[in-house]
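Okay, so here's the structure we're looking at.
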Amino acid sequence: MTTTAVANHPSIFTHRSPLPSPSSSSSSPSFLFLNRTNFIPYFSTSKRNGVNCNGWRTRCSVAKDYTVPPSEVDGNQFPELDCVVVGAGISGLCIAKVISANYANLMVTEARDRAGGNITTVERDGYLWEEGPNSFQPSDPMLTMAVDCGLKDDLVLGDPDAPRFVLWKDKLRPVPGKLTDLPFFDLMSIPGKLRAGFGAIGLRPSPPGYEESVEQFVRRNLGAEVFERLIEPFCSGVYAGDPSKLSMKAAFGKVWKLEQTGGSIIGGTFKAIKERSSNPKPPRDPRLPTPKGQTVGSFRKGLRMLPDAICESLGSKVKLSWKLSSITKSEKGGYLLTYETPEGVVSMRSRSIVMTVPSYVASNILRPLSVAAADALSSFYYPPVAAVTISYPQEAIRDERLVDGELKGFGQLHPRSQGVETLGTIYSSSLFPNRAPNGRVLLLNYIGGATNTEIVSKTESQLVEAVDRDLRKMLIKPKAQDPFVTGVRVWPQAIPQFLVGHLDTLGTAKAALSDNGLDGLFLGGNYVSGVALGRCVEGAYEIASEVTGFLSQYAYK
880 MTTTAVANHP SIFTHRSPLP SPSSSSSSPS FLFLNRTNFI PYFSTSKRNG VNCNGWRTRC
940 SVAKDYTVPP SEVDGNQFPE LDCVVVGAGI SGLCIAKVIS ANYANLMVTE ARDRAGGNIT
1000 TVERDGYLWE EGPNSFQPSD PMLTMAVDCG LKDDLVLGDP DAPRFVLWKD KLRPVPGKLT
1060 DLPFFDLMSI PGKLRAGFGA IGLRPSPPGY EESVEQFVRR NLGAEVFERL IEPFCSGVYA
1120 GDPSKLSMKA AFGKVWKLEQ TGGSIIGGTF KAIKERSSNP KPPRDPRLPT PKGQTVGSFR
1180 KGLRMLPDAI CESLGSKVKL SWKLSSITKS EKGGYLLTYE TPEGVVSMRS RSIVMTVPSY
1240 VASNILRPLS VAAADALSSF YYPPVAAVTI SYPQEAIRDE RLVDGELKGF GQLHPRSQGV
1300 ETLGTIYSSS LFPNRAPNGR VLLLNYIGGA TNTEIVSKTE SQLVEAVDRD LRKMLIKPKA
1360 QDPFVTGVRV WPQAIPQFLV GHLDTLGTAK AALSDNGLDG LFLGGNYVSG VALGRCVEGA
1420 YEIASEVTGF LSQYAYK
């Protein structure tokens, strides 16, 4: 599920988190939720049924072909560019969009025949659903990108009061949405709440002298119940990961930093509040809408609207079905890139390159330039995840789960200890309008991850059966009719895992590029910025700033 910041300051219950693709994307499925923001995935792709899309059987909506007409290819040789962004996932597109405001001489290349990476919105039979990321936290960078792309009137925001649930002892129990809820929610015992409270103010063991996993950090600071009933399912929902291996510093850096700067989680929160009051932010862009409360967002016709809008604004700068075969340093400075394209082999020179493809793809391309960088990038792990979207009639929902006759809420998470295989479920038709026909409930379910990699060997019907079996234990009536299956997508390499040592490994890759004199070659994407869609967009602004800073050293006649 999602988390967010209480009063815009992270706590262990609320983390303003930042969002793979075979050859193109840069966001991964950051999944479900814990509190008021979203974490839904962005993955590396594979689909079980539907139409053929670049070798994968998919039910994707194919993006418009914005490739440059052949007449603009001058002898298969392009003039020197300021920047080439490799990968037209959401990170690559947003980076190009920002850079283009100052440097129009750029290009975005994509190996597949559609842009958008793993944002996969499907509309059919009266349903509209997502098979990649499901939503985003409406942070100012995210809203700025939407407004700059002309999508302000298409924004849709979820109900900030929509509850989130965690399955515990055969019952779906609400997660506290605000601090005042903490004394009353029944997901934790009174001793568990007291342990968490004392730990949060600093009455707990001191930090060890090594990098802690998420499990180690949370158990030490907040106790076993917070970990087992909140954070473990949260890690499954956000990363599809194993919290005993995920790095607290890398995966939840804002919370980790609170203890480092303030001596405890609460101490760090007060210190952050004080610093913010002493250093107020500049005035907010008046063009941006103001979300009510802590919520999640999408667009009227799904997330697909954002990459489509960016592609339309960039026009012929976006090249589809361009497969990068090599990068070499140019004797004239910059880099020489060679592509296999529908028009034949094309080469071009560029002063800078941003690699926003998944790390394992970047590793293969960069190995001739730096073995050390390639080895570091190849070490990041992407476990498989399946997105199973199914629909039931309204009357199939258990009576105790209905409010005023309707299923309301964001969705639910399932701890691994509770005997269900599904990681979690998003109530898609409750979250945003016009996602299902009247009288139907649309549910997006995630299954697999680092602790259940066997899903890649299961058939589509087996995945649906597993999800349906789980849902009948707590949400769907046991004797309800079989669900209508709208889509099943398996992502063989889904979310990059921010394991212990992740930041050091990423630093090694960047340092190796620098040590080999590869200035102007930048790494981007979800394994750099974070796995949530919103973090990919925020990271795009950060990387674009680095690129424009690099390009500013060139003097133009």
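Per the numbering used here, the sequence shown starts with residue 880, numbered consecutively.
For each residue, glycine too, the CB sits at the ideal point set by N, CA and C.
How about residue i and residue j: do their beta carbons lie closer than 8 Å?
i	j	result
Asn1324	Val1379	no
Leu1058	Ala1079	no
Leu1007	Asn1313	yes
Ala1252	Leu1245	yes
Val1426	Met1021	no
Val1045	Arg1098	no
Cys962	Val1233	yes
Tyr1260	Gln1095	no
Leu1322	Ile1269	yes
Val1001	Glu989	no
Gly1005	Pro1362	no
Glu959	Ser1229	yes
By DSSP, does residue i sit in helix, in strand, or in coil?
i	result
Val1045	strand
Phe1363	strand
Tyr1260	coil
Ala1373	coil
Met1227	strand
Arg1368	strand
Pro1020	helix
Tyr1271	strand
Tyr1218	strand
Gly1290	strand
Val1035	strand
Asn955	Model confidence at Asn955 stands at a pLDDT of 48, short of 50, so the residue's coordinates are unreliable and nothing is read from them.
Ile1276	strand
Ser1156	helix
Ser1309	helix
Gly1410	Note that residue 1410 is Val in the sequence shown, not Gly. In the structure shown, Val1410 sits in coil (DSSP, three-state: anything other than H, G, I, E or B).
Ile1144	helix
Phe1064	coil
Under DSSP, the alpha helix (DSSP H) around residue i begins and ends at which residues?
i	result
Gln1095	Val1093 to Leu1101
Cys1190	Met1184 to Leu1193
Arg1433	Note that residue 1433 is Tyr in the sequence shown, not Arg. No alpha helix (DSSP H) holds Tyr1433; DSSP gives it neither H nor E.
Ser1474	In the structure as shown, the chain starts at 880 and stops at 1436, and residue 1474 therefore has no counterpart that could be examined.
Lys1202	Lys1202 -> not in any alpha helix (DSSP H); beta strand (DSSP E) instead, spanning Lys1202 to Lys1208.
Tyr1306	First-last for Tyr1306: Thr1301 to Tyr1306, but that is the beta strand (DSSP E), not the alpha helix (DSSP H).
Tyr1239	Ser1238 to Leu1245
Leu1392	His1381 to Asp1394
Val1134	Gly1132 to Gly1141
Phe1106	First-last for Phe1106: undefined, no H or E at that position.
Phe1077	Ile1069 to Ala1079
So the beta strand (DSSP E) residue i belongs to, where does it begin and stop?
i	result
Ile1334	Where Ile1334 is concerned, there is no enclosing beta strand (DSSP E), given that its DSSP letter is neither H nor E.
Asn1324	Arg1319 to Gly1327
Thr1000	Thr1000 to Arg1003
Asp961	Leu960 to Val965
Lys1050	Lys1050 to Pro1053
Ser1249	Taken as a continuous stretch (DSSP letters only), Ser1249 belongs to no beta strand (DSSP E), as it is neither H nor E.
Gly1176	Gly1176 to Phe1178
Met1353	No beta strand (DSSP E) holds Met1353; DSSP gives it neither H nor E.
Which same chain residues end up closer than 7 Å to residue i when comparing Cβ atoms and leaving out the 5 residues on each side of it in sequence?
i	result
Ala1025	Lys1031, Leu1034 and Leu1185
Pro1221	Ser1200
Ser1249	Ala1391, Leu1392, Asn1395 and Leu1397
Thr1235	Ser905, Val964, Val965, Gly966, Gly968, Ser970, Gly971, Ile974, Gly1403 and Gly1404
Phe1106	Glu1094, Val1097 and Arg1098
Ala1329	Ala1119, Gly1120, Asp1121, Pro1262 and Gln1376
Val1320	Ser1270, Tyr1271, Gln1273, Ile1276, Leu1286 and Ser1308
Arg1166	Val1026
Please list, in chain order, all residues of the same chain as residue i whose beta carbon is under 6 Å from its beta carbon, the five residues on each side excluded.
i	result
Pro1170	Pro1017 and Leu1036
Leu1385	none
Gly1418	Ser1408
Ser1157	none
Val1299	His1293 and Asp1349
Gly1284	none
Which same chain residues, not among the five before or five after residue i, have their C-beta less than 8 Å away from its C-beta?
i	result
Asp1040	Gly1056 and Gly1172
Ile1334	Pro1263, Val1264, Ala1265, Ile1326, Gly1327, Leu1342 and Val1369
Arg1052	Phe1044, Val1045, Leu1046, Phe1064, Asp1065 and Leu1066
Do the segment 962–982 and the segment 1187–1194 make contact, defined as three or more Cβ pairs closer than 8 Å? Contact between the segment 962–982 and the segment 1187–1194 is present, because at least three Cβ pairs lie under 8 Å.
Pairing CB atoms from the segment 1199–1217 with CB atoms from the segment 1340–1359, are three or more of them under 8 Å? no
Quick check: the segment 1355–1374 against the segment 1207–1222, are at least 3 beta-carbon pairs closer than 8 Å? no
Determine, using beta-carbon pairs with one atom in the segment 1225–1241 and one in the segment 1255–1274, whether at least three such pairs fall under 8 Å. yes
Is it the case that the segment 1068–1088 contacts the segment 1299–1314, given that we only count it when at least three CB pairs across the two stretches are under 8 Å? no
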